[in-house]
Amino acid sequence: MSPTIGENHETAHRAPRTRAAPTEKHGAAAAAPLRPPSADWTIDQGWAGYGAEHHALWRTLFERQCRLLPGRACDAFIDGMARLPIGAEQIPDFRRLSEVMMRATGWQVVAVPGLVPDEVFFEHLANRRFPAGNFIRRADQLDYIEEPDVFHDIFGHVPMLMHPPIADYLQAYGLGGLRAQSLGVLPHLARVYWYTVEFGLVQQRDGLRIYGAGIASSYTETLFCLDDPSPNHVAFDLERVMRTDYRIDDFQETYFVLDRFEDLLALERTDFGPLYARIRNRSSLQPGGVRAKDRILQRGTGAYHRSGRNCAG
Ligand SMILES: [Fe+2]
Numbered sequence: 149m150s151p152t153i154g155e156n157h158e159t160a161h162r163a164p165r166t167r168a169a170p171t172e173k174h175g176a177a178a179a180a181p182l183r184p185p186s187a188d189w190t191i192d193q194g195w196a197g198y199g200a201e202h203h204a205l206w207r208t209l210f211e212r213q214c215r216l217l218p219g220r221a222c223d224a225f226i227d228g229m230a231r232l233p234i235g236a237e238q239i240p241d242f243r244r245l246s247e248v249m250m251r252a253t254g255w256q257v258v259a260v261p262g263l264v265p266d267e268v269f270f271e272h273l274a275n276r277r278f279p280a281g282n283f284i285r286r287a288d289q290l291d292y293i294e295e296p297d298v299f300h301d302i303f304g305h306v307p308m309l310m311h312p313p314i315a316d317y318l319q320a321y322g323l324g325g326l327r328a329q330s331l332g333v334l335p336h337l338a339r340v341y342w343y344t345v346e347f348g349l350v351q352q353r354d355g356l357r358i359y360g361a362g363i364a365s366s367y368t369e370t371l372f373c374l375d376d377p378s379p380n381h382v383a384f385d386l387e388r389v390m391r392t393d394y395r396i397d398d399f400q401e402t403y404f405v406l407d408r409f410e411d412l413l414a415l416e417r418t419d420f421g422p423l424y425a426r427i428r429n430r431s432s433l434q435p436g437g438v439r440a441k442d443r444i445l446q447r448g449t450g451a452y453h454r455s456g457r458n459c460a461g
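This is the structure in structure tokens:
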């Protein structure tokens, strides 16, 4: 299952099922910090503090995803990864990443100690800064971790930030998040992030591909979302997504599919005020349900979730 994210709210993108956050510099989870380390919650990555065991863990995660993703991840992801100083040998240095990203799309990566408040997260995105956890999961958490670590945040998210439509979309999402928060409709917008940035699929000429970070950084969900007959694949529709609940601690029951990344940029031009007003009083849609008016690309069997299994064990 995907690492990370969840609904602490607040929103979907940062928080997992608990509010635990790492306090040891590069490892194990413990209690969340009581006070922000700085006004914008950023810290030094502390790259020199990583030990051989942390780099070895990165290598394990990196190599197995790189074996899996060709032919499954979209071209933009593969291309972004190739242009970045990200390799198997060591956990990337955020400053070196930021130099390359800045030249390509004007984005940079900033280190944070774990979860950050929503308004801080949105403020960073609105200013083209991606907050990334500086810690790495433990060896017994290869397939499941409750909050975003450096592997999820860097391997999963950063390659797509090299792609201009996604770079622009994520900044627009940050601005939209600040507005949604003031309107009290953040849960609706959070679903858009969840089903695009974290768990999005895109239709390429040569087939269905992954672009969501929650999938791309997860060995098991990479296989599940494309190769398993259980989940639905439904064409992306903004209002539909905003009404759809999602799975926080297991594989998704439905993945939404873009025809092209540029479709996300339409969100920048959408007047969310009337949209929020329209859906505010409508019921939420179940994660595994499909409707007659959905454009269904794969009608899932639902067998996995019916079985009662759970990817988090
Ligand atoms: Fe994420």
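Residues in the sequence shown are numbered from 149 upward in steps of one, following our numbering. Just so it is clear, CB atoms sit at the ideal spot from N, CA and C, and this is done for glycine as well.
Residue i classed as buried or exposed, judged by whether at least 16 other C-beta atoms fall within 10 angstroms
i, result
"Asp-288", "exposed"
"Asn-199", "Reading off the sequence shown, one finds Gly at residue 199, where the question assumed Asn. Answer is exposed; the Cβ neighbour count stays below 16."
"Arg-357", "buried"
"Arg-447", "exposed"
"Ser-330", "exposed"
"Asn-120", "Past the boundaries of the shown model lies residue 120; the chain is included only from 149 to 461, so the question cannot be answered."
"Ala-259", "buried"
"Asp-354", "exposed"
"Ile-302", "buried"
"Pro-307", "buried"
"Arg-220", "buried"
"Glu-401", "buried"
"Gly-325", "buried"
"Pro-279", "buried"
Span of the alpha helix (DSSP H), counted from its first residue to its last, around residue i
i, result
"Ile-427", "420-428"
"Ile-226", "223-231"
"Arg-388", "386-390"
"Leu-415", "410-417"
"Phe-372", "367-375"
"Ile-444", "That residue, Ile-444, is in no alpha helix (DSSP H); its beta strand (DSSP E) goes 444-446."
"Leu-337", "334-341"
"Ala-256", "The residue you asked about is not Ala; residue 256 is Gln in the sequence shown. Per DSSP, Gln-256 belongs to no alpha helix (DSSP H); it is in the beta strand (DSSP E), 256-260."
"Ala-349", "Just to set this straight, residue 349 is Leu in the shown sequence, not Ala. Premise fails: Leu-349 lies in the beta strand (DSSP E), 349-352, not in any alpha helix (DSSP H)."
"Tyr-478", "Residue 478 lies beyond the residue range present for the chain, which begins at 149 and ends at 461; the question has no answer from this structure."
First and last residue of the uninterrupted beta strand (DSSP E) at residue i
i, result
"His-381", "380-383"
"Ile-358", "355-358"
"Tyr-403", "402-406"
"Phe-278", "277-281"
Residue i: CB within 7 Å of a non-hydrogen atom of ligand 3
i, result
"Pro-185", "This structure simply doesn't include ligand 3; it includes ligand 1 instead."
8 Å contact criterion, which residue i and residue j should meet: CB distance rounded
i, j, result
"Ile-284", "Trp-206", "6 Å"
"Pro-233", "Arg-244", "5 Å"
"Glu-369", "Phe-399", "6 Å"
**Request:** Examine the Cβ distances between the stretch 383-399 and the stretch 338-356 and report whether three or more of them are shorter than 8 Å.
**Result:** yes
**Prompt:** Would you say the stretch 442-456 touches the stretch 374-391, given that touching needs at least three Cβ pairs under 8 Å?
**Reply:** yes
**Message:** Taking contact to mean 3 or more Cβ pairs, one atom from each stretch, closer than 8 Å, check whether the stretch 414-434 and the stretch 362-372 are in contact.
**Reply:** no
**Prompt:** Counting pairs of Cβ atoms below 8 Å between the stretch 266-275 and the stretch 240-254, do you hit three or more?
**Reply:** no
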